[in-house]
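Positions 1 to 337 (full-length UniProt numbering) are the ones given, in order, by the sequence shown.
Data first, discussion second: the structure below is written as C-alpha cells.
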Amino acid sequence: MGNNAYEHYRRGVNCYWNSMALLLEQYGLEHLILKHLSFGYIYSNTELDITFELEAESPNSLGWLAQYIKISRYRVSKEELYKLLKQNKGLFLLCVNIQTLSSEYPSFPNVHDYHYLNIVGVEGDSVRVKDQYFGYRGLIPIKLILKAAQPDGIVQIGEVIQLEIDSNHLKEKSKDIMSLIRNELLMKTDQYLKGSFTFDGVSNLVGKKALGKFYEELDVVISSAMERKESIEDNWNYLLRRFNTSFIYSREGMIYYLNKYKNLFPYDMSTLVSYMEESLAVTRQMSFLIIQANLKKKGPENLIRSFKQKLEEVIRIEKQIYQQISLLHDEVNLPTT
Numbered sequence: 001m002g003n004n005a006y007e008h009y010r011r012g013v014n015c016y017w018n019s020m021a022l023l024l025e026q027y028g029l030e031h032l033i034l035k036h037l038s039f040g041y042i043y044s045n046t047e048l049d050i051t052f053e054l055e056a057e058s059p060n061s062l063g064w065l066a067q068y069i070k071i072s073r074y075r076v077s078k079e080e081l082y083k084l085l086k087q088n089k090g091l092f093l094l095c096v097n098i099q100t101l102s103s104e105y106p107s108f109p110n111v112h113d114y115h116y117l118n119i120v121g122v123e124g125d126s127v128r129v130k131d132q133y134f135g136y137r138g139l140i141p142i143k144l145i146l147k148a149a150q151p152d153g154i155v156q157i158g159e160v161i162q163l164e165i166d167s168n169h170l171k172e173k174s175k176d177i178m179s180l181i182r183n184e185l186l187m188k189t190d191q192y193l194k195g196s197f198t199f200d201g202v203s204n205l206v207g208k209k210a211l212g213k214f215y216e217e218l219d220v221v222i223s224s225a226m227e228r229k230e231s232i233e234d235n236w237n238y239l240l241r242r243f244n245t246s247f248i249y250s251r252e253g254m255i256y257y258l259n260k261y262k263n264l265f266p267y268d269m270s271t272l273v274s275y276m277e278e279s280l281a282v283t284r285q286m287s288f289l290i291i292q293a294n295l296k297k298k299g300p301e302n303l304i305r306s307f308k309q310k311l312e313e314v315i316r317i318e319k320q321i322y323q324q325i326s327l328l329h330d331e332v333n334l335p336t337t
C-alpha cells in the first residue's frame, strides 16, 4: 500500500487537475493541462490566494478541442457506482472522502476533505487506481471505494467525471495539436518575462515579480495565516497548502511538460530545465520548513527568517531562468519583454 511507481512531478496544482491530466493523457490529450499551469511561481496577495477558479470548466477551458470533448459530470448512489465499476467499460474520475480512504491506505494522507481519483479499471473485487497527486498506483478494494464515495455532508463526494472523445478526428488533427502545445508553452514563457498575467479581470504576478512581492510582504503572509481563527496546526496546514499551490505544483508540472515536448523547439532546453529543477528544490525545502515549524511548534518569527534566506536563493536562480527564456525567445524569433 506504499507509494509505488511514483513520478515525483505532479501534473497540476491540485488533486482534480492531477487526475484530469492522467485521464487526458490516456486519450492522447494530456497537454491540455498546460492551460491550467503557470511557468513561474505565482503571487496574487498576502493570503496566497490564486484567484482564478482552477476546478471549474468554462466553455472555453479546453480551447478549440472543446467541440470534440464532452465532459460529463454526475452524481451516483452506492448502487449506481457499484454497477458502473463492475461494467468496467471506461476510464473516469471519482470524488471520494479522503479521510475514509486514508483510514486503510496511508498513501492518501488526510490533508483535505475530498479527493479525485483516476479509476482505470476493475480487477476482481478491487479497483485499479492511478493517482499523481499522492503518487499511488495500485489496487483498492471495491468495498472501500464504495464507502469513501458516500457524501456524508460533503457535496463533491460521489461525483463521477467522464470524457467523450472523437479519437478519429483527433488523429487527423495531431499536427495541429503539437502546434498548440508549442504555442501554449511559448505563451507561458511570455507571461513569465512580462511578470504578470490576467485571468477573468484579476491580475497575478508571476516569476521574478512574484518572488519580489512575496519577499516584500512575507511577514504579512505568514502572520495573517497564523491569525486565522483555527487551531495552530490548521493554520500551518493552510499556509502549507497555499504555498505549495503557488510555488511548487505548477513548477513541477511545467518541468514535466518541458521535458516531454522539448523537441518542439530549436533550442536546447536542458540548461533551462536544470535551473528550474534547482529552483524547485529550494522551494521544496521551504515547504518542508513549514511542516517542521508545525511539528516542532515553532513560532512564525523563526520561519520568516529562514524563508527570507531561501527566497534570496530562489530569486538568484530565477534570474538565470529569465535569461534562458530570453535566449529561447531569441531563437524562435519572439520579442523579449
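The beta-carbon is built from N, C-alpha and C at its ideal position, and this holds for glycine as well.
Model, not experiment: these values are computed from the prediction.
Checklist entry - Counting pairs of Cβ atoms below 8 Å between the region 162 to 182 and the region 115 to 129, do you hit three or more? => result no
Checklist entry - Is the beta carbon of S19 less than 8 Å from the beta carbon of N97? => result In the sequence shown, counting from the first residue as 1, residue 19 sits at position 19. In the sequence shown, counting from the first residue as 1, residue 97 sits at position 97. No, these two residues do not count as a Cβ contact at 8 Å.
Next on the checklist: So, at 6 Å on beta carbons, what are the nonlocal neighbours of C15 in its own chain, with the 5 sequence-adjacent residues on each side left out?
Outcome noted: Walking along the sequence shown from the start, residue 15 turns up at place 15. The residues are H115, Y116, Y133.
Next on the checklist: Three or more C-beta pairs under 8 Å: does that hold for the region 311 to 320 against the region 197 to 215?
Outcome noted: yes
Checklist entry - Roughly how many angstroms lie between the CA atoms of S326 and V13, to the nearest whole one? => result In the sequence shown, residue 326 corresponds to position 326, counting from 1. In the sequence shown, residue 13 corresponds to position 13, counting from 1. Those two C-alpha atoms are separated by around 26 Å.
Checklist entry - Can you list, in chain order, the stretches of the beta strand (DSSP E) that have 3 or more residues and sit fully within the region 89 to 132? => result 92 to 97, 114 to 123, 126 to 131
Checklist entry - Whose C-beta lies closer than 6 Å to the C-beta of L328 among residues of the same chain, with five residues either side of it excluded? => result Locating residue 328 in the sequence shown gives position 328, counting from the first residue. For L328, where only same-chain residues beyond five positions count, the Cβ hits under 6 Å are Y267.
Item to check | Those runs of the alpha helix (DSSP H) which lie wholly inside the region 178 to 233 and span at least 4 residues | outcome: 208 to 216, 218 to 226
Item to check | DSSP state of K70 mapped onto helix, strand, coil | outcome: The residue given as residue 70 occupies position 70 in the sequence shown. Residue state, collapsed to three classes: strand.
Item to check | Exposure label - S234; buried when at least 16 CB within 10 Å | outcome: Here residue 234 refers to the residue found at position 234 when the sequence shown is read from its first residue. The identity of residue 234 in the sequence shown is Asp, whereas the question assumes Ser. Per the 10 Å Cβ criterion, exposed.
Checklist entry - Would D49 be called buried (16 or more neighbouring beta carbons within 10 Å of its own) or exposed? => result Here residue 49 corresponds to residue number 49 of the sequence shown, with the count starting at 1. Under this definition D49 is an exposed residue.
Checklist entry - In chain order, what residues of the same chain have a beta carbon less than 6 Å from the beta carbon of R251, not counting five sequence neighbours either side? => result As a first step, residue 251 must be located in the sequence shown, where it is residue number 251. Closer than 6 Å at the Cβ level, and outside the excluded window around R251, lie L280.
Checklist entry - To which residues does DSSP link G138 through a beta bridge? => result By 1-based counting over the sequence shown, the position of residue 138 is 138. V129, per the DSSP bridge assignment.
Checklist entry - Considering Q26, what are the terminal residues of the alpha helix (DSSP H) in which it resides? => result Stepping through the sequence shown from its first residue, residue 26 is reached at position 26. Its alpha helix (DSSP H) spans residues 15 to 26.
Checklist entry - Thinking C-alpha only, which one of Y192, E164, L272, D176 is nearest R73? => result Indexing the sequence shown from 1 puts residue 73 at position 73. It is E164.
Checklist entry - What whole-angstrom Cβ distance do Q285 and K310 have, given they're in contact under 8 Å? => result Taking the sequence shown and counting its residues from 1, one reaches residue 285 at position 285. Taking the sequence shown and counting its residues from 1, one reaches residue 310 at position 310. With 8 Å as the limit, Q285 and K310 qualify as a contact, their Cβ atoms being about 6 Å apart.
Checklist entry - Going by the beta-carbon positions, is the gap between V273 and I255 smaller than 8 Å? => result Taking the sequence shown and counting its residues from 1, one reaches residue 273 at position 273. Taking the sequence shown and counting its residues from 1, one reaches residue 255 at position 255. Taking 8 Å as the Cβ cut-off, V273 and I255 qualify as a contacting pair.
Next on the checklist: Can you tell me whether R75 is helix, strand or coil according to DSSP?
Outcome noted: Reading the sequence shown from its first residue, position 75 is the one you call residue 75. Strand, per DSSP.
Checklist entry - Under a Cβ-count criterion, where at least 16 other Cβ atoms within 10 Å of its own Cβ denotes burial, should residue 425 be classed as buried or exposed? => result The question about residue 425 has no answer here: the residues shown for the chain are numbered 1 through 337.
Checklist entry - Since S312 is in the alpha helix (DSSP H), which residue starts that stretch and which ends it? => result For this step, residue 312 is matched to residue 312 along the sequence shown. Before going further, note that residue 312 is Glu rather than Ser in the sequence given. Run containing E312: 300 to 331, per the alpha helix (DSSP H) assignment.
Checklist entry - In this structure, does DSSP put F52 in helix, strand or coil? => result In the sequence shown, the residue the question calls residue 52 occupies position 52. Legend: pLDDT at F52 = 43, less than 50; position of this residue unreliable, value from coordinates given subsequently. Correct three-state label for F52: coil.
Item to check | As assigned by DSSP and simplified to three states, the class of V160 | outcome: As a working mapping, residue 160 is identified with position 160 in the sequence shown. Three-state DSSP puts V160 in a strand.
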